[in-house]
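Protein chains in written order, with the numbering used here: chain A, 1136 to 1606; chain B, 1136 to 1606.
Beta carbons are placed, not taken as given, at the ideal position from N, Cα and C, and that holds for glycine.
Just so it is clear, the structure is predicted and the values come from calculations on it, not from any experiment.
There are 2 protein chains.
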Amino acid sequence: MNNEEFRRWGHRLIDWIADYRDHVEQYPVMSQVKPGEIRSMLPEKPPMQGEPFDAILRDVDRIIMPGIMHWQSPNFFGFFPSNNSGPSILGELLSTGLGVQGMLWATSPACTELETHVLDWLVELLGLPPAFHSSSTGGGVIQDSASSAALCAILAARERSTGGRSNSLGADGSLTAYISTQTHSSIEKGVRIAGLGADQLRQIEVDANYAMRPDRLAEAIALDRAAGLRPCFVCATVGTTSSTAIDPIREIGRICRKENAWFHVDGAMAGTATICPEFHPLHDGVELAESYCFNPHKWMFTNFDCDCFFVADRAHLIRTLSILPEYLRNRATESGAVIDYRDWQVPLGRRFRALKLWFVLRSFGIEGLRQRVRQHIQYARELADWVKADPRFEMAAPVTLALVCFRHRGGDAVNQKILDQLNASGKLYLSHTRLDDKFTLRFSIGQTETQRHHVAQAWRQIQDAADAEMS
Amino acid sequence: MNNEEFRRWGHRLIDWIADYRDHVEQYPVMSQVKPGEIRSMLPEKPPMQGEPFDAILRDVDRIIMPGIMHWQSPNFFGFFPSNNSGPSILGELLSTGLGVQGMLWATSPACTELETHVLDWLVELLGLPPAFHSSSTGGGVIQDSASSAALCAILAARERSTGGRSNSLGADGSLTAYISTQTHSSIEKGVRIAGLGADQLRQIEVDANYAMRPDRLAEAIALDRAAGLRPCFVCATVGTTSSTAIDPIREIGRICRKENAWFHVDGAMAGTATICPEFHPLHDGVELAESYCFNPHKWMFTNFDCDCFFVADRAHLIRTLSILPEYLRNRATESGAVIDYRDWQVPLGRRFRALKLWFVLRSFGIEGLRQRVRQHIQYARELADWVKADPRFEMAAPVTLALVCFRHRGGDAVNQKILDQLNASGKLYLSHTRLDDKFTLRFSIGQTETQRHHVAQAWRQIQDAADAEMS
Chain A
1136 MNNEEFRRWG
1146 HRLIDWIADY
1156 RDHVEQYPVM
1166 SQVKPGEIRS
1176 MLPEKPPMQG
1186 EPFDAILRDV
1196 DRIIMPGIMH
1206 WQSPNFFGFF
1216 PSNNSGPSIL
1226 GELLSTGLGV
1236 QGMLWATSPA
1246 CTELETHVLD
1256 WLVELLGLPP
1266 AFHSSSTGGG
1276 VIQDSASSAA
1286 LCAILAARER
1296 STGGRSNSLG
1306 ADGSLTAYIS
1316 TQTHSSIEKG
1326 VRIAGLGADQ
1336 LRQIEVDANY
1346 AMRPDRLAEA
1356 IALDRAAGLR
1366 PCFVCATVGT
1376 TSSTAIDPIR
1386 EIGRICRKEN
1396 AWFHVDGAMA
1406 GTATICPEFH
1416 PLHDGVELAE
1426 SYCFNPHKWM
1436 FTNFDCDCFF
1446 VADRAHLIRT
1456 LSILPEYLRN
1466 RATESGAVID
1476 YRDWQVPLGR
1486 RFRALKLWFV
1496 LRSFGIEGLR
1506 QRVRQHIQYA
1516 RELADWVKAD
1526 PRFEMAAPVT
1536 LALVCFRHRG
1546 GDAVNQKILD
1556 QLNASGKLYL
1566 SHTRLDDKFT
1576 LRFSIGQTET
1586 QRHHVAQAWR
1596 QIQDAADAEM
1606 S
Chain B
1136 MNNEEFRRWG
1146 HRLIDWIADY
1156 RDHVEQYPVM
1166 SQVKPGEIRS
1176 MLPEKPPMQG
1186 EPFDAILRDV
1196 DRIIMPGIMH
1206 WQSPNFFGFF
1216 PSNNSGPSIL
1226 GELLSTGLGV
1236 QGMLWATSPA
1246 CTELETHVLD
1256 WLVELLGLPP
1266 AFHSSSTGGG
1276 VIQDSASSAA
1286 LCAILAARER
1296 STGGRSNSLG
1306 ADGSLTAYIS
1316 TQTHSSIEKG
1326 VRIAGLGADQ
1336 LRQIEVDANY
1346 AMRPDRLAEA
1356 IALDRAAGLR
1366 PCFVCATVGT
1376 TSSTAIDPIR
1386 EIGRICRKEN
1396 AWFHVDGAMA
1406 GTATICPEFH
1416 PLHDGVELAE
1426 SYCFNPHKWM
1436 FTNFDCDCFF
1446 VADRAHLIRT
1456 LSILPEYLRN
1466 RATESGAVID
1476 YRDWQVPLGR
1486 RFRALKLWFV
1496 LRSFGIEGLR
1506 QRVRQHIQYA
1516 RELADWVKAD
1526 PRFEMAAPVT
1536 LALVCFRHRG
1546 GDAVNQKILD
1556 QLNASGKLYL
1566 SHTRLDDKFT
1576 LRFSIGQTET
1586 QRHHVAQAWR
1596 QIQDAADAEM
1606 S
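Here it is, written out as structure tokens:
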């Protein structure tokens, strides 16, 4: 493909994507294929000679599209959203076209400096503490996911708790970590990866609203101290995955300060809400945290991957993750005047992800972002009212932001059937969780193009499914 | 930005990228900015109201471009390449436009099945053992980088060596790992992250060609066994970063089998050469490896990130990295009939990266890929001949593929000056390493558009710099 062909097919593909975005509601949200169906359409061997691009695009339509779940449909209400937007797609496209590798400041200064700058913007915008600003002791970095951010936090915690010896001597089985029963599974994964061991992870009880109980946390830490163990890491969540529960950050933070445990706050989904000043109270107490993350790739119209990870003291992180072989030495690094983000993450290489975030912030403007987030939250509140008004259903958790957890009163099997029927219809997509040990429907609002009428229509379909179930 | 605006600006951005690719040689390869220069041009706060897209594009030209290192210039000879191509850019664009999150088979079956299929293609193409094929006990997965692939291998090794207990009980300080003095720094980083501890990592001596000495490896393992330690993980490299040295895979593999240590082979750069049958011998003995990776995002015209990671027994990997919370349960996963790639990697979320690899393989065709790779290798051999013919210079290592390591005979300071002068000229970019404890210039060929005349011109510039240095 020469550059003139690239230009022609690039235009064609932009049109393909624009058409897709225009017509995304016509596709069944959940793919209807069976395991192996996509592969059965692919040839056994790759072609020896190059193929024309239109043949590839035809196969995208014929083979790939039937196997797509349409996360960008306004009728996608599953999991948490993984939304994108025009400016984000274009920012990612520019990043791909430039093709820089931003492992060091020196390997593209703009890649590092734009990232630092945009993450500094977000510190103020989200009401985060000044220590997370790069002009202070800390700073922000883009990770691929909240999982990776949490892993970095756990590793830095491990290093800090052992006085910098765990990197060299390894984990020693004495460190303990604390989450709630509602914390995302990625934290357990991180604790395992870091070699602390899942047996060293305490799952703290939650209250009636599924928020961590600080009293139980204090008890668990005291028990471990009495047993000669070293409490090292605590993760609190602003907006849990199952129900968007808000852990009491300030109280947990106070315990962590007293116990000298690294305090990580995971705001993967809910963090975006705090671009609206009225939601800054969600972050109350976050100045007690050593680290914090949220995902613009969930609810801030920025395509995956884009997790923003902030630390209050970058020295811990860098000490934990830095290795400087000769082939990466350079004058800028040795001057100490620059950030080399390879030392802030697990992989060495990195894409220019700040571009898409910059494009989104500038193209929407802060007020444009706030408006959509407020709308999503408003739709969730209306949906909750509709659920409460239907005697067949019950709410399963408070609606703190844009997630509505509810269930049919008929029990687990009925709810599973309703879910399966709705998703098989292709008209919308929901996912589920268990709360209070009961099968619970999760209706998560946050897709970029979701409007009130999509939510209203989905609710009618849920009611119809309940009717069908009972008839 | 509504969808019509997306269409219009998308066309404009495609043209911008095509123009950039047409004129990339006009930019200084290395950015000439000073630390802080890019940030100083960015406003202190993000805009409250959305800005027109042409204002953003103007700022790309004005603010971002001066801070770019042009990795896609045919005069980029630094590090290893991070090349891209038209089909790759378009594959990434489609992935971004679809915006699917492929954490589970169920969250977009095509994302998982295309990935498995294309990685199966590569098993045969690269002459890798059948165990790495998904129809056998193993299979392949796309990771962001060779760093992350190595971390997964180290974690699976840790689990296997402890009979599955390290995930729950943590690392215990008894496990040892082995690399050579030339192994990439990411392996030490992975050993640290996994909690084994850098003190448990042995750097094995290399031979005159910078390849690991198997006799020294066997001795180190014997010493550790005698000390009651448990050899757990060995990494060999096909094409080291400093000099593209080839470790003796078969001999090292035999030792690993005997000692029951996990054998990981890192072919990050050199793996791509094995798409040419005449380079299959580079993989001789790789059937003794538990895991293997190579990076299409280096030399196979596929933009970062795209590392292909293969394991011979996927059960170890999945056991190590799987956690299944309720909110991710689904019928397809429970049927056991599908792959959920979230269990093959550290993060939970994942992009549809197989698209770009599929686009590249189909658009170039296997012969198209082979032709470019063979050209790059041919240019490296010619350059080596020119170096050898110039009495001012000496070769620093054998040319095994497309990297030429050489130095001016004037000593470290002269070589550093030549490097600085060349890079400051903006006409080309080289990086360096140390071999035999001497400052060594690395001339790495592999950028997609590099032709013979670029290499010849660069060599003239190197000679001119040597002249200037001596005058």
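Check	Outcome
Cα-Cα separation, D1342/B to M1204/A	52 Å
Residues from the stretch 1507–1537 of chain B in contact with chain A, defined by Cβ distance under 9 Å	none
Q1598/A: first and last residue of the uninterrupted alpha helix (DSSP H) it sits in	1587–1605
Distance between beta carbons of I1390/B and P1416/B, contact taken as under 8 Å	Incorrect: roughly 20 Å between the Cβ atoms, too far for contact.
Uninterrupted alpha helix (DSSP H) stretches inside the stretch 1443–1479 of chain A (no shorter than 4 residues)	1449–1456, 1466–1470
Neighbouring residues, chain A, relative to Q1207/B (Cβ below 9 Å)	G1232, L1233, G1234, V1235
is_contact[H1451/A, chain B] using C-beta, thresh 8 Å	no
When E1172/A, G1363/A, E1248/A, G1546/A are compared against M1200/B, the one with the closest alpha-carbon	E1248/A
Distance between beta carbons of W1479/A and L1463/A, contact taken as under 8 Å	Not really, about 14 Å apart at Cβ, beyond 8 Å.
DSSP-derived helix/strand/coil call for T1568/A	strand
Stretch-stretch touch, CB-based, cutoff 8 Å, three pairs: the stretch 1302–1311 of chain A with the stretch 1328–1340 of chain A	yes
Chain B within 8 Å of E1323/A, Cβ atoms only	yes
Anticipated Cβ contact below 8 Å, Q1582/B with P1216/B, distance rounded	5 Å
Host alpha helix (DSSP H) of Y1155/A (start-end)	1138–1158
Any C-beta of chain A under 8 Å from that of D1301/B	Note that residue 1301/B is Ser in the sequence shown here, rather than Asp. Yes, because at least one Cβ of chain A sits closer than 8 Å to the Cβ of S1301/B.
Cβ shell of F1188/A (< 6 Å), same chain only, five flanking positions each side left out	W1144
Contacts that G1500/B makes with chain A (C-beta to C-beta distance below 9 Å)	P1181, P1182, M1183, Q1184, G1185, E1186
CB contact check: G1145/A to chain B, cutoff 8 Å	yes
According to DSSP, residues forming a beta bridge with P1222/A	Answer is none; P1222/A lacks a bridge partner.
Sub-8 Å separation of S1378/A and A1519/A beta-carbons	no
Cβ neighbour criterion (16 or more within 10 Å) applied to M1238/A	buried
Sheet register partners of F1528/B (DSSP bridge)	H1543/B
Short CB-CB distance (under 8 Å) between I1191/A and chain B	yes
Start-end ranges of the alpha helix (DSSP H) lying completely within the stretch 1175–1229 of chain A, minimum 4 residues	1188–1194
I1149/B at chain E interface by Cβ criterion, 8 Å	Of the chains in the structure shown, none is chain E; the protein chains are A and B.
Beta bridge counterpart(s) of L1538/A as assigned by DSSP	S1579/A
C-alpha gap between T1376/B and Y1162/A, whole angstroms	47 Å
is_contact[E1394/B, chain A] using C-beta, thresh 8 Å	no
Partners in chain B for D1334/A, counting only beta-carbon separations shorter than 8 Å	S1303, L1304, G1305
Candidates G1232/A, L1554/A, S1470/A: closest to G1171/B by CA position	S1470/A
For R1485/B and G1503/B, the rounded distance between their alpha carbons	29 Å
Limits of the unbroken alpha helix (DSSP H) element including P1349/B	1349–1361
Cβ neighbours of I1381/A in the same chain (closer than 7 Å, five flanking residues each side left out)	A1346, V1373, G1374, L1417, T1535
Bounding residues of the beta strand (DSSP E) (the contiguous stretch that carries H1399/B)	1397–1401
Three-way DSSP call (helix, strand, coil) for F1499/A in this model	helix
Alpha carbon of T1407/B to alpha carbon of L1496/B, nearest angstrom	12 Å
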